[in-house]
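Sequential numbering of the sequence shown, starting at 3, is according to my numbering.
The structure under discussion appears below in the form of structure tokens.
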Amino acid sequence: MKKFIACLLLAALMIGTTACQKGSFGDTYIEGQDQQYMYTDLFYGAQEMTETEEGYYFLYQNYLFFADRETLEVSPLCDNPGCLHEKETDTSKTWKCNAYYFTGIDNFIASWGDSLYIKVESNQMGKRLPKGGLMQVSKDGMEKSIVCEFQELPGSSNALHRGKFYYASKEVDRKLSANYNIHEVDLQNGGSDRILYNGKKESGCIPQLLCYGNHLYFKESYVKDENSYVDVKEINLQTGEITELKPEGEEEAFYLRGVFHDRIYYTSTNSYETGQWDWKYMNLDQSNRQEWFSTPEEQLLYADTRYFYLYTPWVYLADSEKEPSISMLDKDGNQIGNCDLSAIEGDLIDFMPGGEQYFFLISIDDDYLHHYYAVNKEETAKTGQGKPKEFFQPGDIVSSVSDLPL
Ligand SMILES: [Zn+2]
């Protein structure tokens with residue numbers, strides 16, 4: 003088990019990405035169809051927030067909240083009369099709140115078409131699903147149905163991309179997950195499930211999936227001769243062909259960091275000697291490799307469809323004196339603004355690049371309560387300094403657990 007956890011941690015530290023697609027969409031990002039990489043945590047692979055034309059939906063301790071696009075006013079997505087929503091203390095009633103979803107540990111929510119899709123461990127009647135499933139939910143939260151039950155327990159990294167849901171199996175057998183798969187669930191074809199990739203390496207697992215254009219990129223982490231390795235591979239979603247992404251020329255290694263703006267971003271040398279990461283990029287077909295810029299090793303690259311961001315996840319700061327920071331860069335990598343974090347309550351624990359208007363921050367205070375902030379991008383670009391505006395403080399949720407009836 004230790005080996006397996008070490009494998010996951012190593013893979014998480016070596017950050018990566020994956021991209022997927024189908025048929026007639028072409029090989030670039032399509033809003034409304036493609037994986038919302040700007041809401042995906044590139045460190046853990048989870049997605050807890052999604053954006054639609056109406057606003058922002060996010061999961062917090064098993065409850066689904068909605069923030070209005072214009073006002074950012076937040077409410078649980080439930081209009082059951084008399085319902086106490088997240089304030090309910092009776093665990094036999096919790097699951098009846100329309101905003102309650104039994105999501106387990108690894109949250110996933112994404113929008114596609116007119117619906118939201120949420121990874122759940124029980125159906126709408128409160129019946130447990132042995133390996134979980136994907137629930138389709140109308141945007142008002144009133145209509146719910148299970149699209150598919152998973153054939154294998156899914157890991158934390160999932161992607162909804164061009165009408166298909168992707169997951170990698172997480173189950174650990176006696177051989178430490180020596181047999182693992184990547185599944186594709188077709189939402190338009192009755193939730194049919196097929197296996198795109200099968201791995202059999204010692205202590206193997208697939209810690210991250212990222213879709214972009216016609217590609218699904220993934221990391222495969224494993225142990226060989228007592229050493230840990232992470233390979234990066236690509237599945238061409240049109241042909242099914244699998245290619246490994248490799249270092250080239252003088253490059254020592256290949257660490258996939260993200261796929262944005264029609265390019266693959268990566269680093270290739272370790273940072274132990276210089277304390278720096280040298281960023282590089284190349285085209286989606288692995289051609290035209292270019293060197294970009296260097297950053298301190300704790301900074302990770304994120305992006306929306308317009309800007310880049312350098313953000314330091316808290317795990318890199320735990321043992322150092324350094325403070326978290328967020329910089330906003332233009333497409334050429336020039337810094338155009340940073341974010342004033344002085345008014346944030348407690349410790350910053352999450353950053354999401356977000357859509358057109360805002361990027362989002364989540365902090366945790368001394369009482370372990372979460373605070374949600376939105377930072378206006380236009381203002382940040384104009385003034386050079388973003389001001390976080392707190393729009394939600396969910397309070398102490400009494401019963402995120404529920405006694406399911408079935
Ligand atoms: Zn409710």
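A virtual CB, placed ideally from N, CA and C, is assigned to each residue, including glycine.
Bear in mind the structure is a predicted one, so any value in this text is a computation, not a measurement.
With 16 other CB atoms within 10 Å as the buried threshold, where does L312 fall? buried
Does the structure place the region 373-389 close enough to the region 333-341 that three or more beta carbon pairs sit under 8 Å? yes
Whole-number beta carbon distance between I184 and A170, since they are thought to touch under 8 Å: 5 Å
Rounded to the nearest angstrom, how far is the Cβ of Y102 from that of S404, given a contact under 8 Å? 7 Å
Continuous alpha helix (DSSP H) stretch holding T385: start and end: K379 to T385
Contact check, Y304 vs W281, beta carbons under 8 Å: no
Hey, quick one: how far does the beta strand (DSSP E) through L303 stretch, first residue to last? L302 to A305
For G25, collect the residues of the same chain with a Cβ closer than 6 Å to its Cβ; drop the 5 residues on either side in sequence, then sort them by chain order. Per-residue confidence for G25 stands at a pLDDT of 47, beneath the threshold of 50, marking its modelled position as unreliable; no derived number is given.
Closest residue to G206 among K172, E186, N125 and L247 (Cα-Cα distance): K172
Quick one: is Q23 buried, meaning 16 or more other Cβ sit within 10 Å of its Cβ, or exposed? Residue placement at Q23 is poorly supported in this model, since its pLDDT is 38, which falls under 50; the coordinates are not used for a value here.
I'd like the ranges of any beta strand (DSSP E) spanning at least 3 consecutive residues and lying wholly in the region 17-74. 51-53, 57-62 and 65-70
Can you check whether the CB of C150 is closer than 8 Å to the CB of L136? yes
Could you compute how far the alpha carbon of E72 sits from the alpha carbon of E392? 15 Å
When the Cα atoms are used, what is the spatial distance from E56 to D70? 7 Å
Apart from the five residues just before and just after G128, which ones in its own chain have a Cβ nearer than 6 Å to its Cβ? W97, L406, P407 and L408
Burial state of A376 (16 or more Cβ within 10 Å): buried
Where the beta carbon is closer than 6 Å to any heavy atom of ligand 1, which residues qualify, in chain order? P78, C80, N82, C85, H87, C99, N100 and A101
Would you list, in sequence order, the uninterrupted beta strand (DSSP E) runs of no fewer than 3 residues that lie entirely inside the region 89-135? 111-114 and 117-124
For Y309, name the three-state secondary structure that DSSP assigns. coil
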